[in-house]
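Asker:
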Amino acid sequence: MSTVSAEFIVDFLPRDVRRRGVLATSRRRSMLLLGLLGAMVVGVACHSWNRFHEAEARRGVSLALTTNATKVDDVIDRLAGEQRELHRYLSVYDRLALPVEQSDIVATITNLMPDRTSLSMLRMEVKESTAGKGPEGAAGAKPVAAPSGVGNVRTPAPSRWMEITIRGYAQDNADLYEFERKLANTKPFAAVTVSENKPTDIARGRIQEFAVNCRIDLDVQYVRPGGSPVVSIAKGGAQ
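To convert a position in the sequence shown, counted from 1, into my numbering, add 4.
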């Protein structure tokens, strides 16, 4: 024999109170959802604002780097053009002006030689110091001051110069050192030194065989009015 049970739920609340409770619960749920949605919208907006300012800052840095890089490239191009122009000038000078000046130098040297001296050899060579090398060609050497001859006055070695070697014969040491003194006191000769001096026997007696070295600077210096040199550029010609 089966037993059937039944359950009955009796709502004692009035219908209008029950409706107000349902509406209040629904209104509270809607307010919570709206608050959560508002918080989400505000968070996304703040994150987007921060990312926007980050992107603007990166864009500004990139533009500044691009602008500065362009300026640096312009400076490098200008310097390269000036260097090419300087090399063209030096090439023209070495081909045209330098031979004329060399003939003047030969005439000056022969006129400075005393009566009892003779010239057997004259060598002139244009040299230029390279980056990282001194005037003597030693790697890493700094430009050194070279003696100017009389008074042992030392002048800074130039970046481009003409090296001159004079060989000849003198009647005695007095004539040799007279020639050295005259050469050292004559512009533009500098660093005048006697590198060789030895007696030589000939049929009529004994003479002095000598070798004199000197230098002619080929740098041009820009000088302020009544002031000191501003900059020195390796170009041909006298100062």
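Where is the CB? At the ideal position from N, CA and C, for every residue including glycine.
Rounded to whole angstroms, how far is the Cβ of Ala194 from the Cβ of Ile220, which I believe are closer than 8 Å?
Answerer: The count along the sequence shown starts at 1 and reaches residue 194 at position 190. The count along the sequence shown starts at 1 and reaches residue 220 at position 216. Sure, about 7 Å apart at Cβ, within 8 Å.
Asker: By Cβ distance below 6 Å, which residues in the same chain neighbour Asp119 in space, the five residues on each side in sequence not counted?
Answerer: The residue given as residue 119 occupies position 115 in the sequence shown. Excluding sequence neighbours, Asp119 sits near nothing in its chain.
Asker: Indicate the three-state DSSP secondary structure (helix, strand or coil) for Lys202 in the structure shown.
Answerer: Here residue 202 refers to the residue found at position 198 of the sequence shown. In this structure, Lys202 counts as strand in the three-state DSSP scheme.
Asker: Quick one: residues in its chain with C-beta nearer than 8 Å to the C-beta of Lys131, no 5 flanking neighbours on either side, listed in chain order?
Answerer: As a first step, residue 131 must be located in the sequence shown, where it is residue number 127. Counting only Cβ-Cβ distances below 8 Å, and skipping sequence neighbours, we find Pro139, Arg164, Trp165, Met166 and Glu167.
Asker: With 16 as the cutoff for other CB atoms within 10 Å, does Gly85 come out buried or exposed?
Answerer: One-based indexing of the sequence shown puts residue 85 at position 81. Burial call: exposed.
Asker: Quick one: any contact between the region 206 to 219 and the region 180 to 190, if contact means 3 or more CB pairs under 8 Å?
Answerer: Yes, they touch.
Asker: Over what stretch of residues does the alpha helix (DSSP H) that includes Leu222 continue unbroken?
Answerer: Residue 222 sits at position 218 when you count from the first residue of the sequence shown. Element bounds for Leu222: n/a, residue is neither H nor E.
Asker: Would you give the residue range spanned by the alpha helix (DSSP H) that Arg185 belongs to?
Answerer: On the sequence shown, residue 185 is found 181 positions in, with the first residue counted as 1. Element bounds for Arg185: Asn177 to Ala188.
Asker: When DSSP builds the beta bridges, which residues end up paired with Gly172?
Answerer: In the sequence shown, counting from the first residue as 1, residue 172 sits at position 168. Note: Gly172 sits in a beta bridge opposite Leu123 and Phe214.
Asker: For Thr245, which residues of its own chain have a beta-carbon under 8 Å away from its beta-carbon, when the five flanking residues on both sides are left out?
Answerer: Because the chain in this structure spans residues 5 to 243, residue 245 falls outside the shown range and cannot be described.
Asker: Can you look up Met35 in the DSSP assignment and give me helix, strand or coil?
Answerer: If you number the sequence shown from 1, residue 35 lands on position 31. Correct three-state label for Met35: helix.
Asker: Note down, in chain order, each residue of its chain lying with its Cβ closer than 8 Å to the Cβ of Pro203, except the 5 sequence neighbours on either side.
Answerer: Taking the first residue of the sequence shown as position 1, residue 203 is located at position 199. Answer for Pro203: Arg210, Ile211, Gln212 and Glu213, listed in chain order.
Asker: Going by C-alpha to C-alpha distance, which of Ser133, Asp205, Thr121 and Gly47 sits closest to Ile170?
Answerer: For the purposes of this step, residue 170 is identified with residue 166 of the sequence shown, where counting begins at 1. With distances taken between Cα atoms, Ile170 lies closest to Thr121.
Asker: At a cut-off of 7 Å, is Leu94 close to the ligand MN when judged by its beta-carbon and the heavy atoms of the ligand?
Answerer: The ligand MN is not part of the structure shown, which contains no ligands of any sort.
Asker: Mind pulling the alpha helix (DSSP H) runs of 4 or more residues that sit fully within the region 33 to 78?
Answerer: With a minimum length of 4 residues, no continuous alpha helix (DSSP H) run stays inside the region 33 to 78.
Asker: Between the C-alpha atoms of Ser30 and Arg63, what's the straight-line distance to the nearest angstrom?
Answerer: Indexing the sequence shown from 1 puts residue 30 at position 26. Indexing the sequence shown from 1 puts residue 63 at position 59. Using only the alpha carbons, I get a separation of about 49 Å.
Asker: Pick helix, strand or coil for Arg164, following the three-state DSSP scheme.
Answerer: Counting from one through the sequence shown, the residue named residue 164 turns up at place 160. DSSP places Arg164 in strand when its eight states are reduced to three.
Asker: How would you label Val196, buried or exposed, when you count the other beta carbons within 10 angstroms and need 16 or more for buried?
Answerer: Locating residue 196 in the sequence shown gives position 192, where the first residue counts as 1. By the neighbour-count rule (16 or more Cβ atoms within 10 Å), Val196 is buried.
Asker: Rounded to a whole number of angstroms, what is the C-alpha to C-alpha distance between Val227 and Tyr93?
Answerer: Position 223 of the sequence shown, counted from the start, is the residue given in the question as residue 227. Position 89 of the sequence shown, counted from the start, is the residue given in the question as residue 93. For Val227, the predicted model reports a pLDDT of 46, less than 50, meaning its position is unreliable and no value from the coordinates is stated.
Asker: Put Ala28 into one of helix, strand or coil per three-state DSSP.
Answerer: By one-based count along the sequence shown, residue 28 stands at place 24. In this structure, Ala28 counts as helix in the three-state DSSP scheme.
Asker: If you measure between the beta carbons of Ser107 and Gly172, is that distance less than 8 Å?
Answerer: Here the question's residue 107 lines up with position 103 in the sequence shown. Here the question's residue 172 lines up with position 168 in the sequence shown. No, these two residues do not count as a Cβ contact at 8 Å.
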